[in-house]
Each structure stands twice: as structure tokens, then as C-alpha cells.
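See structure below.
In our numbering, the protein residues as written are 19 to 242.
Here you go:
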């Protein structure tokens, strides 16, 4: 079984065609632009990339994506269609994802892997009861159970806002939320660079953005 993980403290990026896959940050990019995938579609892509060039059989895909749970064949087919749409995989003569009819799926092109050290800068948000560490790339804030910063409040949108962490720091985006996002008392209308200590208010919930080069405080951590 292949893997995209390495020793603790290290990180692996996978490259195929114009795409870069960062499993640790759960991010897929094309030419530097982040692409959106549903969580299970991202899991499927990560699995196929990790196993490339091997054809992964449908029974194995079902077991690894939905362990101990029955799902229909159509569910897997739907995920493959989602991947092909996002990857713009339309050329039957040169596919990105190859179908082995009656068997399973495989990455068709060359996949290269790059090992890199993680950033020495830590980013997190403090809430009233706990803190959440932010990862490189997109960190969704909202009522969606898959959100990095999950706020189980009815007035919070499912995809309310996101913090994008990159080499130059962290940038906050409002995602068209109904009840708006404010930073330092100002309603967010365009993306804004975050600075240590900035107070983010989302539907009455206060999040304090923090960053440090000396490490993440250990008490009441959440996320990783």
C-alpha cells in the first residue's frame, strides 16, 4: 500500500500535469489556484495518487473510502465524475484518470512526489472554549461538519468564511455569508490580511487570530 505521508515533521506534495496535491492541507491546486472538491472526492483523488500507477480495484476503493459501510456503485461513479469535471479530464485519448473497465481506476499520467519541510510559522484561532490550529492552504469556517473551524450556530452559514494560509501569511475571505464577517469591527467586503491578535466576529462568535514562530500553545488545542 502506497502513502503520501512521510516521517513526522515532513510533508509530501504530489504533482501530476498542471496540478499539485497537498494531502496535509487537503488542497488541490492548478497553476497556484485552489480547486474545490467535496471531502470524499478529495479522499478518492489522494488514494489514486498515492497508489499510482496501480489500478485500484472497486472493492478496495469502497473499503478504504467507506470502511464497514455499504454504498452503491453509483456513489463511486459520481465521485469519479466530480474528479474528472474539476480536473477538466475530457480527452479520452489522454485521460487524467483511467478507467480499467470492470476492475477499477488509476491515475493515467506521471505522478511525481516532492518532500518539503513544513513552515516554521504556526497559525491558529482562539475561541471562547478552545483553539483550532490552521493548516497551510484553505481553512473553512462555518457550520459544515467538515469545516476546519466548526461553529455549530444556526446563524452561521455552512461555508461562512475561510482563512487561507500561505508563505506570506494568512488572508481572511468571506464566502458570501448571510450574516457577514467582521474584522476589528469592519464588515469584510474583500479579502483582508490577518495580523496577530485580530478579532474576527462571525454571527456573534468571536475568534482571535494568532500566529507565532515559537510554536502552538499546548493547552486546549483542537485540530492538528
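Glycine included, each C-beta is placed from N, C-alpha and C at the ideal position.
The structure presented is a predicted model; accordingly, all values stated were derived computationally and were not measured.
- Task: Could you tell me if residue 101 is buried or exposed, where buried requires 16 or more neighbouring beta carbons within 10 angstroms of its beta carbon?
- Result: Translated into the one-based positions of the chain shown, residue 101 becomes position 83. Under this definition residue 101 is a buried residue.
- Task: Use the C-beta contact count for residue 69: other C-beta atoms within 10 angstroms, 16 or more gives buried, fewer gives exposed.
- Result: If you number the chain shown from 1, residue 69 lands on position 51. With 16 or more Cβ atoms within 10 Å of its Cβ, residue 69 is classed as buried.
In the DSSP assignment, find the beta strand (DSSP E) that holds residue 225 and state where it starts and stops. Looking up residue 225 in the chain shown gives position 207. Element bounds for residue 225: 223-230.
Boundaries of the beta strand (DSSP E) in which residue 252 is found, first to last residue: This structure gives no information on residue 252, because the portion of the chain shown stretches from 19 to 242.
What is the DSSP secondary structure of residue 193, reduced to helix, strand or coil? Along the chain shown, one-based indexing puts residue 193 at 175. Residue 193 falls in the coil class under three-state DSSP.
(request) Check each candidate in 221, 54, 38, 39 and name the one with the smallest Cα separation from residue 171. (result) Numbered from its first residue, the chain shown carries residue 171 at position 153. The shortest Cα separation from residue 171 among 221, 54, 38, 39 belongs to 221.
| query | Short check: CB of residue 131 to CB of residue 32, under 7 Å? | reply | Mapped onto the chain shown, residue 131 falls at position 113. Mapped onto the chain shown, residue 32 falls at position 14. Yes, these two residues count as a Cβ contact at 7 Å.
Which residues in the same chain have their Cβ closer than 7 Å to the Cβ of residue 162, if we skip the five residues on either side of it in sequence? By one-based count along the chain shown, residue 162 stands at place 144. Here the set comprises 176, 177.
- Task: Take residue 56 as the anchor and find which of 71, 182, 164 has the nearest alpha-carbon.
- Result: Counting from one through the chain shown, the residue named residue 56 turns up at place 38. Out of 71, 182, 164, 164 has the C-alpha closest to the C-alpha of residue 56.
Taking buried to mean at least 16 other C-beta atoms within 10 Å of its own C-beta, is residue 88 buried or exposed? As a first step, residue 88 is located in the chain shown; it is residue number 70 there, counting from the start. Result: exposed.
For residue 96, collect the residues of the same chain with a Cβ closer than 7 Å to its Cβ; drop the 5 residues on either side in sequence, then sort them by chain order. Against the chain shown, residue 96 aligns to sequence position 78. Cβ neighbours of residue 96 beyond the five flanking positions: none.
DSSP puts residue 188 in a beta bridge; with which residues? As a first step, residue 188 is located in the chain shown; it is residue number 170 there, counting from the start. In DSSP, residue 188 forms a bridge with 183.
(Q) Less than 8 Å between C-beta atoms, sequence neighbours within five positions excluded: which residues of the same chain meet that for residue 73? (A) Mapped onto the chain shown, residue 73 falls at position 55. For residue 73, where only same-chain residues beyond five positions count, the Cβ hits under 8 Å are 116, 118, 121, 122, 123, 124.
Three-state secondary structure (DSSP) at residue 120? The sequence position of residue 120 within the chain shown is 102, counting from 1. If DSSP states are grouped into helix, strand and coil, residue 120 belongs with coil.
Q: Would you identify the three-state DSSP class for residue 148, choosing helix, strand or coil?
A: Numbered from its first residue, the chain shown carries residue 148 at position 130. In the displayed model, residue 148 falls within coil according to three-state DSSP, outside both helix and strand.
**Asked** Can you tell me whether DSSP reads residue 30 as helix, strand or coil?
**Response** Here the question's residue 30 lines up with position 12 in the chain shown. Residue 30 falls in the strand class under three-state DSSP.
Original post:
Between which two residues does the beta strand (DSSP E) harbouring residue 52 extend?
Top reply: Taking the first residue of the chain shown as 1, we reach residue 52 at position 34. Here the beta strand (DSSP E) through residue 52 covers 51-53.
task: Quick one: residues in its chain with C-beta nearer than 6 Å to the C-beta of residue 64, no 5 flanking neighbours on either side, listed in chain order?
output: Here residue 64 refers to the residue found at position 46 of the chain shown. Excluding positions up to five away in sequence, the list reads 41.
* Measuring alpha carbon to alpha carbon, tell me which of 225, 187, 111 ends up nearest residue 231. => Taking the chain shown and counting its residues from 1, one reaches residue 231 at position 213. Considering only alpha carbons, the answer is 187.
**Asked** Taking the beta strand (DSSP E) that residue 93 falls in, what are its first and last residues?
**Response** One-based indexing of the chain shown puts residue 93 at position 75. First-last for residue 93: 91-104, but that is the alpha helix (DSSP H), not the beta strand (DSSP E).
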